[in-house]
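Worksheet: one structure, shown below.
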Amino acid sequence: MSMLLMLMPMSLSLPTGVISYGYRNCSPPLKRLLAHCNTTNLHHYHHLRRRNSTFPSQLNTLFSFIFFPRNLTCLLTGNSLFLRMERFGSGSSNNKNKALVEELQNYKIISSKRVSEVMETIDRALFVPDGTPAYVDSPMAIGYNATISAPHMHATCLQLLEENLKSGMHVLDVGSGTGYLTACFALMVGPQGRAVGVEHIQELADSSIKNIKKSAAAPLLKEGSLSIHVGDGRQGWSEFAPYDAIHVGAAAPEIPQPLLDQLKPGGRMVIPVGKMFQDLKVIDKNEDGSISVRSETHVRYVPLTSRGAQLRGC
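Using this note's numbering, you'd call the opening residue of the sequence shown number 7 and step up by one each time.
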């Protein structure tokens with residue numbers, strides 16, 4: 007098989023009206039699942055990139071998808087850049103959270119001051135199950151066949167949506183899970199904006215509210231500019247539409263039309279799309295209502311499905 011053929015993206019179902027469809031950081035699907043690397047190799051890769059600005063873009067993702075056999079859940083439930091980052095196990099919670107953010111900055115995953123500030127302010131430890139390592143760059147199971155994404159994926163999505171998370175804007179978080187990203191979104195759009203989380207598992211929605219009440223986003227929850235709702239996120243949440251930003255935290259087989267309908271002209275949606283092989287799609291709605299779609303990177307998320315199917319593990 008030729009390299010050209012191997013690097014071609016997989017076909018995915020897309021809604022009508024798409025005017026642009028592009029890919030960034032494509033890599034062969036088999037290689038991206040089987041790539042093995044260690045910290046030394048990762049540093050060598052970054053050294054090569056610094057020395058050679060024309061380093062092939064197809065290799066960016068190949069070297070970024072670092073899989074460690076000791077943590078199989080990363081491959082099955084988590085996300086895109088399996089970096090061997092530090093376990094920040096000493097010092098105060100605030101210091102460890104700050105160190106995690108600094109590490110994400112060192113790896114160039116966080117590039118903006120606003121994203122680093124909000125991730126430092128919302129302590130990840132308040133949103134992970136008790137007894138789990140909060141500051142490791144790995145997805146974690148949160149019960150009910152759901153996960154909280156790895157910190158690098160949270161950072162990636164915040165970066166991609168930053169321009170649509172300005173003060174006063176509206177943001178929808180589909181599959182809000184533990185409430186972590188919803189809390190981050192709420193701080194970014196502020197009390198004049200609206201951050202809406204939708205989660206179809208009642209128990210997760212209830213626990214996410216408890217998590218948020220312990221965080222820096224608690225005043226926004228009390229004032230009502232941040233809210234968590236129980237419902238089918240594939241249908242969005244029309245009450246506060248249209249949205250400047252929509253984040254989807256599970257992989258859809260295709261882009262749900264109701265979410266496109268609730269996206270504001272000029273707005274952006276970030277959503278993983280696919281089944282076995284998934285891509286993080288960046289969807290921009292143009293001012294004339296037309297849609298542009300590109301793939302940011304390859305990812306691995308749990309499926310966006312019905313409540314019953316999720317509970318059955320389907």
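Here a beta-carbon is modelled for each residue, glycine too, at the ideal position from N, C-alpha and C.
These numbers were taken from a predicted model, which means no experiment stands behind them.
Checklist entry - Using DSSP with H/G/I as helix, E/B as strand and the rest coil, what is Y113? => result Y113 falls in the coil class under three-state DSSP.
Item to check | Limits of the beta strand (DSSP E) - the one that M146 falls within | outcome: Per DSSP, M146 belongs to the beta strand (DSSP E) from 146 to 149.
Next on the checklist: Just to check my reading of the structure: Y201 and A211 have Cβ atoms closer than 8 Å, yes? What is that Cβ distance to the nearest angstrom?
Outcome noted: Per the sequence shown, residue 201 should be read as Ala rather than Tyr. Contact doesn't hold; Cβ gap of about 14 Å is too wide.
Item to check | Residue range of the unbroken alpha helix (DSSP H) whose run includes P264 | outcome: Here the alpha helix (DSSP H) through P264 covers 263 to 268.
Next on the checklist: If I measure Cβ to Cβ from P197 and keep anything under 7 Å in the same chain, skipping five residues before and after, which residues do I get?
Outcome noted: Once the five neighbours on either side are set aside, the close Cβ partners of P197 are L226, E229, S231.
Checklist entry - Is it buried or exposed for R240, if we count other Cβ within 10 angstroms and need 16 for buried? => result Classification of R240: buried, given that the 10 Å Cβ count is 16 or more.
Item to check | Buried versus exposed, by CB contacts within 10 Å (16 or more), Q268 | outcome: It is buried - the Cβ of Q268 has at least 16 other Cβ atoms within 10 Å.
Checklist entry - DSSP puts E205 in a beta bridge; with which residues? => result Looking at the DSSP output, E205 sits in a beta bridge with V236.
Checklist entry - Are there 16 or more other CB atoms within 10 angstroms of the CB of R76, so buried, or fewer, so exposed? => result Residue placement at R76 is flagged as unreliable, the pLDDT there being 32, under the threshold of 50; the coordinate-derived value follows with that caveat. Under this definition R76 is an exposed residue.
Next on the checklist: Can you look up I297 in the DSSP assignment and give me helix, strand or coil?
Outcome noted: Three-state result, I297: strand.
Checklist entry - Taking P323 as the reference, which of R130, S214, R318, D290 has the closest Cα? => result Beyond the ends of the chain as shown, which are 7 and 320, falls residue 323; an answer cannot be given.
Item to check | Coil, strand or helix - R200 by DSSP | outcome: Residue state, collapsed to three classes: strand.
Next on the checklist: Looking at K270: is its Cβ nearer than 8 Å to the Cβ of D250?
Outcome noted: Against a cut-off of 8 Å, the Cβ pair of D250 and K270 comes out as a contact.
Item to check | Where V308 sits in the DSSP three-state scheme | outcome: Taken through DSSP and simplified to helix, strand or coil, V308 comes out as coil.
Checklist entry - G314 by DSSP, collapsed to three states: which one? => result In this structure, G314 counts as helix in the three-state DSSP scheme.
Item to check | At least 3 beta-carbon pairs within less than 8 Å: the segment 246 to 265 vs the segment 273 to 282 | outcome: Taking 8 Å as the limit for Cβ pairs, the verdict is that the segment 273 to 282 does touch the segment 246 to 265.
Item to check | G199 versus A256, A152, A223, residue with shortest Cα-Cα distance | outcome: Per the Cα distances, A223.
Item to check | Proximity below 8 Å, CB of V107 to CB of S122 | outcome: In this structure, V107 sits near S122, with a CB-CB distance shorter than 8 Å.
Next on the checklist: At 3 residues or longer, what runs of the beta strand (DSSP E) sit wholly inside the segment 156 to 187?
Outcome noted: The DSSP assignment places 176 to 180 as complete runs of the beta strand (DSSP E) inside the segment 156 to 187, in order along the chain (cut-off: 3 residues).
Checklist entry - Looking at C-alpha atoms only, which residue of I277, S144, G149, K216 is the closest neighbour of C163? => result Looking at the Cα atoms, I277 is the closest of the given residues.
Item to check | Close Cβ partners of H206 (< 7 Å) along its chain, the five nearest in sequence each way excluded | outcome: Leaving aside the five residues that flank H206 on each side, the residues in its chain whose CB is nearer than 7 Å to its CB run, in chain order, V236, G237, D238, G239, R313.
Item to check | Cβ neighbour criterion (16 or more within 10 Å) applied to E302 | outcome: Buried is the call here.
Checklist entry - Whose CA, out of S117, L187, P262, lies closest to the CA of T127? => result In terms of CA proximity to T127, L187 leads the group S117, L187, P262.
Checklist entry - alpha helix (DSSP H) containing T138: first to last residue? => result First-last for T138: undefined, no H or E at that position.
Checklist entry - Under 8 Å between C-beta atoms, does G183 make it to chain C? => result Looking for chain C here will not work: only one protein chain is present.
Checklist entry - Is it right to say D179 is buried, meaning 16 or more other beta carbons lie within 10 angstroms of its own, or is it exposed? => result Under this definition D179 is a buried residue.
Checklist entry - Are the Cβ atoms of G183 and I154 separated by less than 8 Å? => result A contact, by the Cβ cut-off of 8 Å.
Next on the checklist: Using C-beta distances below 8 Å, list every residue in its chain close to V305, excluding the 5 sequence neighbours before and after it, in chain order.
Outcome noted: N85, S86, M159, A257, P278, Q284, D285, L286, listed in sequence order.
Checklist entry - Sorted by chain position, which residues of the same chain lie with C-beta nearer than 6 Å to A147's C-beta, five sequence neighbours on each side aside? => result Within the same chain, A147 has close Cβ partners T153.
Checklist entry - If you draw a straight line from the alpha carbon of N112 to that of V124, how long is it in whole angstroms? => result If you draw a straight line from the Cα of N112 to the Cα of V124, it is about 17 Å long.
Next on the checklist: At a cut-off of 7 Å, would you count H158 as near the ligand ATP, judging by its Cβ distance to the nearest heavy atom?
Outcome noted: Summarising the ligand content, the structure contains no ligands, and the ligand ATP is consequently not present.
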